[in-house]
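Participant: Residue numbers (my numbering), protein chains in the order written: chain P, 1 to 254; chain Y, 255 to 508.
The beta-carbon is built from N, C-alpha and C at its ideal position, and this holds for glycine as well.
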DNA sequence: CGATTCATTGACCGGGATCAAGAACCGTGG
DNA sequence: CCACGGTTCTTGATCCCGGTCAATGAATCG
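Structure below.
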């Protein structure tokens with residue numbers, strides 16, 4: 001069974017057996033459990049290790065001086081949190097677990113070694129950074145031009161797709177262990193208004209929520225509500241090889 | 255006289271003479287003039303070259319299906335537009351000139367060669383990508399938590415700072431050749447409301463605008479209005495060596 | 001079984017959108 | 001030189017989406 005890291009990176013390119021083995025080894029040595037709201041790395045810190053989400057859910061966020069929190073990205077299993085830290089001096093934002101999560105630590109010098117001597121792996125990490133940047137750009141459009149309803153629909157669709165791509169959901173149901181306040185911090189809305197939009201999406205039978213288990217009842221309808229375009233995710237291999245494993249997982253959704 | 259590219263990259267690290275020469279050569283061979291509104295590269299394209307802004311002003315943008323345009327970033331002189339294109343298959347957004355601008359083209363294979371064999375230059379481009387990502391994150395906070403007044407103030411302060419950092423302004427006045435509609439597309443506001451906020455900023459004597467020439471009359475006041483934090487720009491060398499050329503240009507502003 | 005967090009709903013308000021109409025500023029040609 | 005058509009800027013009037021405040025359930029947990 002491949003590590004979630006391999007599942008994620010293979011959306012971009014196929015790996016040699018050696019590269020795949022290295023990536024699997026990367027996340028298997030040191031693993032640590034984090035609880036809900038627990039910080040994995042904080043703004044201003046410089047950790048000697050980099051971190052990769054293996055299970056659960058984490059987010060990039062920033063605390064503002066007025067006490068409010070802005071969530072800038074959700075990190076699903078397989079997602080490197082801070083691969084760039086060995087280039088930059090310090091984090092300009094924090095990362096915390098939104099639910100009980102298992103996080104792998106990778107020593108910085110092992111990373112550096114891989115980046116210098118294994119171009120296939122270096123390329124995959126580059127790609128990951130650029131995909132993150134694309135997601136951020138999409139979020140700017142989100143906040144600039146979509147209304148509250150579209151934003152919430154978009155966020156749900158994107159998270160569903162990314163979870164599916166790394167294989168943590170098989171059908172239309174998935175664990176999305178966050179509160180409506182978290183959603184509000186991610187969309188720039190208030191919890192009250194997030195609630196109203198979720199009520200609407202349920203009334204329209206696009207989604208269903210039972211506890212922390214979410215179900216997309218009508219993927220096409222949700223996608224339409226979200227005005228979802230997929231190119232920004234740069235799923236290069238999925239596009240070239242629709243019959244790859246990653247392609248099968250995303251069939252009909254992108 | 256160093257190329258704007260060197261000026262920009264030196265905010266991050268000092269270069270060896272050889273690296274500096276290479277970077278200067280990079281932008282000196284093929285240069286092209288683009289007019290206002292002219293596209294430099296379009297969404298979905300894959301150019302064999304990468305582009306670097308030498309003078310004028312460009313922006314990253316995306317056209318939405320309803321016809322509106324979202325500007326996601328301003329590209330000041332020295333800014334690489336699409337250095338990532340040799341990793342990704344295609345652009346997920348477009349880039350156009352906002353004013354008459356000179357753009358350098360660099361053949362992709364020369365770039366690839368530099369990235370593989372000149373770690374100092376590769377690091378600088380990596381850093382640039384990560385700085386762009388930081389700017390995007392800041393913009394998300396911007397749109398999520400700042401009101402219209404703060405957004406406009408923030409945008410002006412940031413552009414002023416980045417222009418100053420690459421040496422295209424010496425005092426408090428600078429050419430900022432964009433329309434209020436452009437500002438609206440960048441902030442997610444309407445042109446009407448952008449105008450009202452600019453009126454207010456002028457009434458408060460924080461800025462002055464004469465044609466396309468903008469003047470920051472009260473940098474401290476503008477910074478306060480913008481609630482500006484600088485860490486996300488990762489001006490590493492400026493922080494470590496405040497007496498470097500780049501540091502002198504930004505003295506008292508960061 | 002209290003206590004605390006989270007979800008839900010209603011009433012009201014305000015910032016920014018929308019609509020509309022002039023005014024100022026172009027480049028162009030007669 | 002002025003006349004012109006087209007942007008761009010400016011200002012006013014009105015409206016609505018989403019914020020704010022508040023109260024009540026529902027769920028989770030020590």
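Mark residue 188/P as exposed unless 16 or more other C-beta atoms lie within 10 angstroms of its C-beta, in which case mark it buried.
Facilitator: The residue is buried, with at least 16 neighbouring Cβ atoms inside 10 Å.
Participant: Tell whether a beta-carbon distance below 8 Å holds between residue 358/Y and residue 305/Y.
Facilitator: yes
Participant: Whether or not the region 89 to 98 of chain P and the region 54 to 66 of chain P are in contact is what I'm after, with contact meaning three or more pairs of Cβ atoms, one per stretch, closer than 8 Å; do they touch?
Facilitator: yes
Participant: So which residues on chain P does residue 383/Y lean against when the C-beta distance must stay under 8 Å?
Facilitator: 129, 130 and 133
Participant: Can a CB atom of chain P be found closer than 8 Å to the CB of residue 442/Y?
Facilitator: yes
Participant: Should residue 446/Y be labelled buried (16 or more other beta-carbon atoms within 10 Å of its own) or exposed?
Facilitator: exposed
Participant: At least one CB of chain Y closer than 8 Å to the CB of residue 16/P: is that the case?
Facilitator: no
Participant: Determine the direct distance from the alpha carbon of residue 299/Y to that of residue 344/Y, and round the result to whole angstroms.
Facilitator: 5 Å
Participant: Look up residue 209/P in the DSSP assignment and say whether it is helix, strand or coil.
Facilitator: strand
Participant: What did DSSP end up calling residue 261/P once you bin it into helix, strand or coil?
Facilitator: Given that chain P is displayed from residue 1 to residue 254, the structure contains no residue 261/P and the question cannot be resolved.
Participant: Could you spell out where the beta strand (DSSP E) holding residue 54/P opens and where it closes?
Facilitator: 49 to 55
Participant: List, in order along the chain, the chain P residues whose C-beta lies closer than 7 Å to that of residue 398/Y?
Facilitator: Near residue 398/Y (Cβ distances below 7 Å), the residues of chain P are 70, 143 and 188.
Participant: With the cut-off set at 8 Å, would you say residue 346/Y and residue 231/P are in Cβ contact?
Facilitator: yes
Participant: Taking 8 Å as the limit between beta carbons, can you name the residues of its chain near residue 456/Y, skipping five residues before and five after?
Facilitator: 462 and 463
Participant: Could you tell me the boundaries of the alpha helix (DSSP H) in which residue 61/P lies?
Facilitator: Here residue 61/P belongs to no alpha helix (DSSP H); instead the beta strand (DSSP E) covers 58 to 63.
Participant: Which full runs of the beta strand (DSSP E) of 3+ residues lie inside the region 172 to 204 of chain P, going along the chain?
Facilitator: 173 to 175
Participant: Excluding five sequence neighbours on each side, which residues of the same chain lie with their C-beta closer than 8 Å to the C-beta of residue 234/P?
Facilitator: 12, 127, 130, 131 and 134
Participant: Less than 8 Å between CB atoms is the rule here; does residue 62/P satisfy it with respect to chain Y?
Facilitator: yes
Participant: Which residues in the same chain as residue 421/Y place their Cβ atom closer than 7 Å to its Cβ, once the five residues preceding and following it in sequence are excluded?
Facilitator: Only 261 and 503 meet the Cβ criterion.
Participant: Can you check whether the C-beta of residue 137/P is within less than 8 Å of a C-beta belonging to chain Y?
Facilitator: yes
Participant: In angstroms, rounded to a whole number, what distance separates the CA positions of residue 476/Y and residue 400/Y?
Facilitator: 14 Å
Participant: Nearest to residue 436/Y by CA position, among 257/Y, 410/Y and 370/Y, is which residue?
Facilitator: The shortest Cα separation from residue 436/Y among 257/Y, 410/Y and 370/Y belongs to 410/Y.
Participant: Can residue 335/Y and residue 364/Y be called in contact, C-beta distance under 8 Å?
Facilitator: no
Participant: Give the straight-line distance between the Cα atoms of residue 120/P and residue 106/P, rounded to the nearest whole angstrom.
Facilitator: 18 Å
Participant: Near residue 85/P, which residues of its chain fall below 7 Å by C-beta distance, leaving aside the five closest residues on each side in sequence?
Facilitator: 46, 47, 50 and 91
Participant: Between which residues of its own chain and residue 114/P is the CB-CB distance below 6 Å, once the five residues before and five after are set aside?
Facilitator: Contacts found: 121.
Participant: State the DSSP-derived secondary structure class of residue 293/Y, mapped to helix, strand or coil.
Facilitator: strand
Participant: Between which two residues does the alpha helix (DSSP H) containing residue 11/P stretch?
Facilitator: Premise fails: residue 11/P is in no alpha helix (DSSP H) and is neither H nor E.
Participant: So what's residue 508/Y in DSSP terms, helix, strand or just coil?
Facilitator: coil
Participant: Using a Cβ-Cβ distance under 8 Å, would residue 79/P count as near chain Y?
Facilitator: no
Participant: In chain order, what residues of the same chain lie with their CB nearer than 8 Å to the CB of residue 282/Y, ignoring the 5 residues before and after it?
Facilitator: By the criterion of a C-beta distance shorter than 8 Å, residue 282/Y is surrounded in its chain by 257 and 358, once the five residues flanking it on both sides are discounted.
Participant: What does the alpha-carbon distance come out to for the pair residue 125/P and residue 428/Y?
Facilitator: 38 Å
Participant: Just the Cα atoms here: how many angstroms apart are residue 1/P and residue 274/Y?
Facilitator: 47 Å
Participant: Excluding sequence positions up to five away, which residues of its chain have a Cβ less than 6 Å from the Cβ of residue 79/P?
Facilitator: Within the same chain, Cβ atoms closer than 6 Å to the Cβ of residue 79/P are found at 53, the five residues on either side in sequence being excluded.
Participant: By the 10 Å Cβ neighbour count, where 16 or more other Cβ atoms means buried, how is residue 185/P classified, buried or exposed?
Facilitator: buried
Participant: Closer than 7 Å by beta-carbon distance: list the chain Y residues that pair up with residue 232/P, in chain order.
Facilitator: 346
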